[in-house]
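Asks: Attaching a single structure in structure tokens format; questions to follow.
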Amino acid sequence: MSSDQILIVCTANVCRSPFVEAVLRGRFSMGANPDMIVESAGTRARPGEPMAHGSAAMLREMGIAPDPGFAARQLSPAMIASADVILTMTREHRGQVLDLVPAALRKVLTLKELARFAPSPTTDAAPAWPEAAAGAIAERGNHREIANSLELDLADPFGQDREAFERMQRDVVGIVAQLRERRLLP
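Heads up, the sequence shown is in full-length UniProt numbering, so the first residue is 1 and it goes up one at a time.
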């Protein structure tokens, strides 16, 4: 079993990153990697804040129980150093991670970059997450025309209406489908 650690990063760690954390944990629990470590943090978190009601509602609609003990965490260099893969919600977050720990260059990318650029598996075995992330980062370099595009960012629903949370949910469901095609998720 894999003991890879994935860190999900957004701004406040109350909307996108805890939502993605819960979705990925749910998918991993269904497959060959139930012990995969998935955590989240924010670049400007207020530690201890609960998950946004809109994110929790979207999880419940997907049949995923939100973690009642969830509490926002502030991103730290130690978290970055201990993660094998760091998935950010935006290119700006990716830059903020690298500002804290420049050595994380080979393991940090946006969630959408992983979904778009991860190499297709060449064998029946599911690829390891660190190798898939490294492959996606390398492939991103071949697509400079979109490397700095807003289409690689997951929009923030914070402070918005239900429709914004529904858009986030649809986007993440689409990303999960892409990751399943690449056999990164069950």
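The beta carbon of each residue, even a glycine, is placed where N, CA and C say it ideally should be.
Kindly list the residues whose CB is nearer than 6 Å to the CB of A132, restricted to its own chain and excluding five residues on each side of it in sequence; keep chain order.
Replies: As a working mapping, residue 132 is identified with position 132 in the sequence shown. Here the set comprises A118 and L184.
Asks: Jot down the residue ranges of each uninterrupted beta strand (DSSP E) in the region 35-119, minimum 3 residues, whole runs only, in chain order.
Replies: 37-42, 85-88 and 108-110
Asks: Taking the alpha carbon of Q160 as the point to measure from, which residue in F70, R16 and S76 has its own alpha carbon closest?
Replies: The residue labelled residue 160 in the question sits at position 160 within the sequence shown. Closest by alpha carbon: R16.
Asks: Thinking C-alpha only, which one of S3, M58 and E113 is nearest N33?
Replies: Residue mapping note: residue 33 aligns to position 33 of the sequence shown, counting from 1. When each option's Cα is compared against that of N33, the closest is S3.
Asks: Starting from V176, trace the beta strand (DSSP E) both ways and give me its first and last residue.
Replies: Here residue 176 refers to the residue found at position 176 of the sequence shown. Where V176 is concerned, there is no enclosing beta strand (DSSP E), although the alpha helix (DSSP H) it sits in stretches over R162 to E181.
Asks: Would a C-beta distance cut-off of 7 Å place P186 and G31 closer than the cut-off?
Replies: Numbered from its first residue, the sequence shown carries residue 186 at position 186. Numbered from its first residue, the sequence shown carries residue 31 at position 31. Their beta carbons are under 7 Å apart, which means P186 touches G31 by this criterion.
Asks: Kindly indicate the opening and closing residues of the beta strand (DSSP E) around L7.
Replies: Within the sequence shown, residue 7 is the residue found at index 7, counting from 1. Q5 to C10 is the extent of the beta strand (DSSP E) around L7.
Asks: Let me check understanding here. Comparing Cα to Cα, which of R44, A65, P68 and A78 lies closest to Q5?
Replies: The residue labelled residue 5 in the question sits at position 5 within the sequence shown. It is A78.
Asks: Can you check whether the CB of L87 is closer than 7 Å to the CB of L111?
Replies: The count along the sequence shown starts at 1 and reaches residue 111 at position 111. The count along the sequence shown starts at 1 and reaches residue 87 at position 87. Against a cut-off of 7 Å, the Cβ pair of L87 and L111 comes out as a contact.
Asks: Roughly how many angstroms lie between the CA atoms of A128 and A134, to the nearest whole one?
Replies: As a first step, residue 128 is located in the sequence shown; it is residue number 128 there, counting from the start. As a first step, residue 134 is located in the sequence shown; it is residue number 134 there, counting from the start. Looking at the two C-alpha atoms, the distance is approximately 10 Å.
Asks: If you drop the 5 nearest sequence neighbours on each side, which residues of the same chain put their C-beta closer than 7 Å to that of M51?
Replies: In the sequence shown, residue 51 corresponds to position 51, counting from 1. Excluding sequence neighbours, M51 sits near V14, P18, P66 and F70.
Asks: My understanding is that A104 touches R73, with C-beta atoms under 8 Å, so please give their C-beta distance in whole angstroms.
Replies: What you label residue 104 is simply residue 104 of the sequence shown in a count that begins at 1. What you label residue 73 is simply residue 73 of the sequence shown in a count that begins at 1. About 17 Å; that fails the 8 Å criterion.
Asks: Would DSSP call L185 helix, strand or coil?
Replies: Position 185 of the sequence shown, counted from the first residue, corresponds to residue 185. Looking at L185 - three-state DSSP - the assignment turns out to be coil, as it is neither helix nor strand.
Asks: Just to confirm my understanding: we take A56, look at its own chain, exclude 5 residues before and 5 after, and list those with CB closer than 7 Å. What are they?
Replies: Position 56 of the sequence shown, counting from 1, holds the residue named residue 56. P66.
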